[in-house]
Amino acid sequence: MKKNIYRTVAVALLTTFVWACGITLDPTPLCGCSPVLSLSDIMVGKWNFVGYVKEDSLVIEKELVKASTAKFPVDLEIARNNTAQNINDLTINGKSAVNIYNGSMTLATSTSWRDWTGLTSGSLGQTKMAGSPTEMAFELKYFNSLLVSEQVKIEDGMNLLLRIKIPNDEMLFVRKR
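The following block contains the structure:
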């Protein structure tokens, strides 16, 4: 009987403390679920170029660049645009085969990062270093792919696909570092 009274008092005191401090209990860890993240939350970070996906088969262009002794590995870093009021305004920068680039992207409002979401690419700036014809051809395709991407999708939280307008059956594929 005495143990029950002590338990009741302890629970009452703990409940009062939690309520008075404004602490809320997050059920997320209890259920094993991950917190709800927006597409822009997941996109922010560093990505490595993998290749282009066309008709469900991966065409690896990275090997072409390696063989031509590229100065940089091809990567993409996505960050929030701190000057914008819209959380879907993002900045991009990275290294291509020869040059360093930067630009911007704006996401359409999305209900789920698992679905294709509209994407508008802004301008793209880059350094003006020369490379081999193979490197420059690769880089031109990569920059154009970033500029004309019209939709974005995340798969497995680690793979980012950018659907390219022309050709419309091709997607730029990058993987989170």
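Here the sequence shown stands for residues -20 to -1, 1 to 157, numbered as in mature numbering (1 follows the signal peptide of the UniProt record, and there is no 0).
Backbone N, C-alpha and C define an ideal beta-carbon position, used for all residues, glycine too.
Computed from a prediction, not measured in an experiment: that's the story for all the values here.
Membership of D21 in any beta strand (DSSP E) is not indicated; the residue belongs instead to the alpha helix (DSSP H) covering L19 to M23. If you draw a 10 Å sphere on the C-beta of A77, you find 16 or more other C-beta atoms in it, and that means buried.
Check the Cα spacing between G105 and each of V30, M23, V154 and L127: the tightest is with L127. G25 is classed as exposed because its beta carbon has fewer than 16 other beta carbons within 10 Å across all chains shown.
The alpha carbon of A50 has as its nearest neighbour, out of R60, M23 and P113, the alpha carbon of P113. As for any beta strand (DSSP E) of minimum length 3 sitting wholly inside the segment 42 to 122, the runs are 55 to 60, 69 to 75, 80 to 87 and 97 to 106, ordered along the chain. By a beta-carbon distance limit of 8 Å, G74 contacts D55. Their separation comes to about 5 Å. According to the DSSP assignment, N148 belongs to no beta strand (DSSP E), since it is labelled neither H nor E. In the DSSP assignment, R143 forms a beta bridge with Q131 and M151.
Linking I58 to T97 through their CA atoms gives a straight-line distance of about 16 Å. Considering only V132, G83, G111 and G102, the residue with the shortest C-alpha distance to T89 is V132.
A direct Cα-Cα distance of roughly 13 Å separates N66 from L19. At least 7 Å separates the beta-carbon of M109 from that of N61.
No Cβ-Cβ contact shorter than 7 Å links S125 with L99. In terms of CA proximity to F29, K121 leads the group G102, K121 and L70. Put simply, of G83, L17, N148 and N68 the residue whose alpha carbon is nearest the alpha carbon of S103 is G83.
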